[in-house]
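Colleague: Chains A and B, in that order, are what the protein sequence lines are. Using UniProt numbering, you'd call the opening residue of the first sequence number 1 and step up by one each time. Using UniProt numbering, you'd call the opening residue of the second sequence number 1 and step up by one each time. Heads up, the beta-carbon is just placed ideally off N, CA and C, and yes, glycines get one too. This one's a predicted model, so the numbers in the text were calculated from it and none came from an experiment.
2 protein chains.
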Amino acid sequence: MEPDDVRSYLDSFSHRDWQESDEEEGPVRFAMVGLGWWTRDEAMPAVEESTFCETTVVVSGSAEKAEEVVNEHETVEAGLTYEEFQDGEASDAYDAVYVCTPNAKHLEHVEAAAERGKAVLCEKPMEASVERSEAIVEACREGDATAMVAYRMHTEPTIRRARELVRAGAIGEPVHVHGDMSQGIVGWGADQWRLDPELAGYGTSVMDLGIYSINTTRFVLDRDPVAAQSTMHSDHEYFSEVPDEVAAFTVALEDDVYATCTASQNAHMSSHLRITGSEGTILIEPAFHGESDLELTVGNTTVEVDTPGVDQMEEEFDYFADCLLAGREPEGMPEHGLVDMRTLAAVYESAESGERVEI
Amino acid sequence: MEPDDVRSYLDSFSHRDWQESDEEEGPVRFAMVGLGWWTRDEAMPAVEESTFCETTVVVSGSAEKAEEVVNEHETVEAGLTYEEFQDGEASDAYDAVYVCTPNAKHLEHVEAAAERGKAVLCEKPMEASVERSEAIVEACREGDATAMVAYRMHTEPTIRRARELVRAGAIGEPVHVHGDMSQGIVGWGADQWRLDPELAGYGTSVMDLGIYSINTTRFVLDRDPVAAQSTMHSDHEYFSEVPDEVAAFTVALEDDVYATCTASQNAHMSSHLRITGSEGTILIEPAFHGESDLELTVGNTTVEVDTPGVDQMEEEFDYFADCLLAGREPEGMPEHGLVDMRTLAAVYESAESGERVEI
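(1) Find the residues of chain B that neighbour Y258(A), judging by a C-beta separation of less than 7 Å, and give them in chain order.
(2) Please name the residue or residues paired with R179(B) in a DSSP beta bridge.
(3) Going residue by residue through the stretch 269-319 of chain B, where are the continuous beta strand (DSSP E) segments of at least 3 residues, counting only ones entirely within it?
(4) Which of helix, strand or coil does DSSP assign to F85(A)?
(5) Closer than 8 Å, CB to CB, is V347(A) near chain B or not?
(6) Alpha carbon to alpha carbon, what distance is there between V220(A) and E115(B)?
(7) Given V57(A), which residues of its chain have a CB within under 6 Å of its CB, disregarding the five upstream and five downstream residues?
(8) Any C-beta of chain A sitting closer than 8 Å to the C-beta of A96(B)?
(9) Taking the alpha carbon of D311(A) as the reference point, which residue from E23(A), E48(A), W18(A), V28(A) has its own alpha carbon closest?
(10) So what does DSSP say about A113(A), is it helix, strand or coil?
(11) Who pairs with S230(B) in a beta bridge, going by DSSP?
(12) Determine the burial state of T301(A): buried for a count of at least 16 other Cβ atoms within 10 Å of its Cβ, exposed for fewer.
(13) What are the residues in the stretch 183-196 of chain B lying within 8 Å of chain A by C-beta distance?
(14) State the Cα-Cα distance for the pair V59(B) and G34(B), rounded to the nearest angstrom.
(15) Does the stretch 247-265 of chain A come within contact of the stretch 169-185 of chain A, defined as at least 3 CB pairs closer than 8 Å?
(16) So which residues on chain B does E279(A) lean against when the C-beta distance must stay under 8 Å?
(17) Contact criterion: CB-CB distance below 8 Å. Does G172(B) meet it with respect to chain A?
(18) Measuring alpha carbon to alpha carbon, tell me which residue in I159(A), A228(A), R29(A), P197(A) is nearest S240(A).
(19) Since V347(B) contacts A228(B) with CB under 8 Å, what's their CB separation in whole angstroms?
(20) Count the other CB atoms within 10 Å of the CB of E245(A); is the residue buried (16 or more) or exposed (fewer)?
(21) Return the residue from the list P174(B), A200(B), R7(B) that minimises the CA-CA distance to residue 369(B).
(22) Would E355(B) pass as an interface residue toward chain A - the criterion being a Cβ-Cβ separation below 8 Å?
(23) Can at least three beta-carbon pairs, one atom from the stretch 136-150 of chain B and one from the stretch 4-13 of chain B, be found at a separation below 8 Å?
(24) What whole-angstrom Cβ distance do L107(B) and R141(B) have, given they're in contact under 8 Å?
(25) My output table needs one value for T101(A): the three-state DSSP class, helix, strand or coil.
(26) With M44(B) as the anchor, note down where its alpha helix (DSSP H) starts and where it stops.
(27) Cutting at 8 Å between CB atoms, please list the residues of its own chain near residue 363(B), excluding the five before and the five after it.
(28) Helix, strand or coil for M148(A)? Go by DSSP, reduced to three states.
(29) Who does L80(B) pair with in a DSSP beta bridge?
(30) Which residues of chain B have a Cβ atom closer than 9 Å to the Cβ of V149(A), listed in chain order?
(31) Under 8 Å between C-beta atoms, does D235(B) make it to chain A?
(32) In chain B, which residues lie with their C-beta within 7 Å of the C-beta of H154(A)?
(33) Compute the beta-carbon to beta-carbon distance between A321(B) and V28(B), rounded to the nearest angstrom, for a pair I have assumed lies under 8 Å.
(34) Smallest Cα separation from M207(B): which of L273(B), A104(B), D224(B)?
(35) Any beta carbon of chain A sitting closer than 8 Å to that of D180(B)?
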């Protein structure tokens with residue numbers, strides 16, 4: 001890199017290297033399905049700031065909540081209950097849906113949208129089980145619906161720079177990875193769908209948090225998982241129905257690169273992703289909680305990049321809309337998400353059996 | 001902590017909180033058994049700078065090498081071959097032995113020393129197998145020899161501060177740990193005892209490097225291992241006789257705290273130990289390669305302590321000598337080291353079987 005290039009490299013940490021559409025194109029009109037805090041406080045404000053997206057319909061289990069959100073947002077034309085959405089009401093008013101319900105409720109909404117040929121942006125993990133995720137893949141194929149699992153790290157510039165560095169051989173051959181995402185949800189009370197296996201699926205910490213380490217490692221290393229080993233444990237009363245108040249798991253990826261990870265919904269909020277290669281190390285910390293900073297060490301030289309950050313949800317929505325407008329496939333298609341679901345299932349199976357599980 | 005205390009806390013990063021003897025006491029006279037680069041370049045210079053120790057005898061497989069080292073050091077009275085050492089030559093000239101031969105040669109030298117009631121400082125891992133390590137424990141008991149496994153992290157001030165912080169509840173209850181020690185030994189050539197299972201034992205990366213993550217976690221958390229899971233792999237031709245060119249392993253400790261670790265003898269040199277608790281995180285990085293810096297995060301506040309460091313070998317030798325002079329037991333006794341050996345064996349067994357192994 002010439003000294004002149006340093007400036008443009010730093011600029012790349014807020015640059016959309018994926019954008020193909022002109023800024024005047026769009027908007028892609030979204031129905032927001034599920035009006036929990038993530039949709040209202042993160043997704044909808046991001047869409048409001050976005051280049052290519054607009055929220056025109058909101059869908060909730062509660063007609064009152066839907067109505068309240070309609071009244072709060074100028075662009076929103078209709079507030080629907082889940083039943084009304086399933087019945088196809090106001091379906092001319094949106095081009096795409098964002099599904100952000102409890103995991104086990106994704107399938108029905110994806111099916112309803114895909115049947116009508118709507119594009120689908122579905123929160124991660126895709127569903128509560130591998131089987132139900134396969135049904136999502138099938139529904140999107142049948143409806144010929146462009147669909148993406150909402151992996152916001154795919155459009156986080158720091159993560160994209162990490163992938164470029166690995167691809168360019170900056171750290172030599174990847175050898176091993178450490179990943180963690182932990183947070184404390186006990187303060188949110190006992191009544192949470194994340195603690196209910198009927199709604200969350202196999203468990204809570206690995207399903208909800210561990211998936212970040214798994215998917216981001218896949219994305220940065222361009223390698224898929226081949227086997228998993230894990231140990232998990234629940235002790236706190238809130239976690240009595242799920243096996244993983246805390247979990248430690250190792251995912252073996254192609255070329256025998258090992259990612260060794262932890263996840264806990266009852267720990268200090270922290271996250272990092274560390275990739276050690278034959279000639280250097282990339283540390284991303286914080287990694288998954290809304291901002292991502294990068295540290296690259298090659299030999300004895302370390303470069304730290306501390307970014308102001310982007311709105312990860314805005315990037316994600318605009319990326320998906322850009323793909324729709326440009327008529328190309330997004331990276332995180334349901335077939336891609338299914339690999340994570342099979343990995344998650346292997347992690348939970350290994351914790352139960354104590355044995356290494358092939359994926 | 002009052003502002004006044006900040007100064008004394010920083011001073012504690014170079015303070016010997018363990019020292020009981022007066023500086024005039026000693027010296028404890030050491031026979032250095034095994035004259036590889038670690039003994040000559042690290043241990044002997046450390047002893048030369050130490051408060052309580054002196055090298056008076058050196059022992060090598062080669063009479064010429066022993067003679068050479070005798071000529072280089074004023075305090076050294078005798079240079080012996082292994083046979084002469086076994087036969088008890090010059091045994092009045094030393095009080096203690098430092099055993100730094102290939103792992104599988106530790107036992108014979110420990111036995112010879114313990115039989116004569118000499119104190120024993122034995123490099124880690126203790127021996128090549130659990131069985132041979134049990135024989136070391138037995139030999140030291142029978143000879144009533146004060147013995148310690150050379151865990152230099154036990155007297156690294158940063159590690160001791162980390163233990164104090166955990167004990168004081170600074171990060172709440174420990175939840176999970178990440179540990180790594182990696183380095184590149186391919187540049188040292190194909191002819192290394194670390195790559196020969198006859199001399200190294202179960203393998204190379206976990207035996208030689210992974211033990212740092214295991215033992216330091218035990219030390220800092222005051223918890224012992226109960227089970228292990230692991231995956232390992234060798235690809236490079238130099239590693240054809242050992243299973244672990246790279247390894248990822250999880251050790252479950254008492255109270256269901258999980259330590260998830262990596263070790264590789266064919267990767268970029270790196271090491272860290274990260275302990276996440278319910279209320280904070282301690283990151284030690286670098287951790288195991290001769291210096292140790294500490295970062296403590298509680299809530300949103302992070303304190304970084306970047307120390308000039310101590311000579312870890314000097315601290316270790318003086319600690320052992322201080323124990324001898326004060327007539328107390330050291331922390332890292334062979335019984336303590338045996339727990340690591342059982343853990344190492346479980347890690348290798350799990351890699352082979354794919355199953356979780358109880359310790």
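Modeller: So, from the listed chains and residues:
(1) What Y258(A) touches in chain B: T231, V246, A248, T262.
(2) In the sequence as presented, Arg is not what sits at residue 179(B); that position holds Gly. In DSSP, G179(B) forms a bridge with C261(B), L273(B).
(3) Taking only runs of at least 3 residues, the beta strand (DSSP E) segments lying wholly in the stretch 269-319 of chain B are 280-284, 294-298, 301-305.
(4) helix
(5) no
(6) When rounded, the distance between both Cα atoms is 57 Å.
(7) A31, A78, A90, A93, Y94
(8) Interface flag for A96(B) against chain A is unset, since no Cβ pair is found closer than 8 Å.
(9) E48(A)
(10) Three-state DSSP puts A113(A) in a helix.
(11) F249(B)
(12) exposed
(13) G184
(14) 6 Å
(15) yes
(16) H268
(17) yes
(18) Ranking I159(A), A228(A), R29(A), P197(A) by CA distance to the CA of S240(A) puts P197(A) first.
(19) 5 Å
(20) Buried: at least 16 other Cβ atoms inside 10 Å.
(21) One cannot answer for residue 369(B) here, as it falls past the ends of chain B, which runs 1 to 359.
(22) yes
(23) With a cut-off of 8 Å, the stretch 4-13 of chain B and the stretch 136-150 of chain B do not count as touching, because too few Cβ pairs lie within range.
(24) With 8 Å as the limit, L107(B) and R141(B) do not qualify as a contact, their Cβ atoms being about 14 Å apart.
(25) coil
(26) 44-49
(27) What is shown of chain B runs 1 to 359, which leaves residue 363(B) out entirely.
(28) strand
(29) Partner(s): V59(B).
(30) Per Cβ cutoff of 9 Å: no residues; V149(A) is ~26 Å from chain B at best.
(31) yes
(32) By Cβ distance, chain B contributes nothing, its closest Cβ being about 24 Å from H154(A), past 7 Å.
(33) 4 Å
(34) A104(B)
(35) yes
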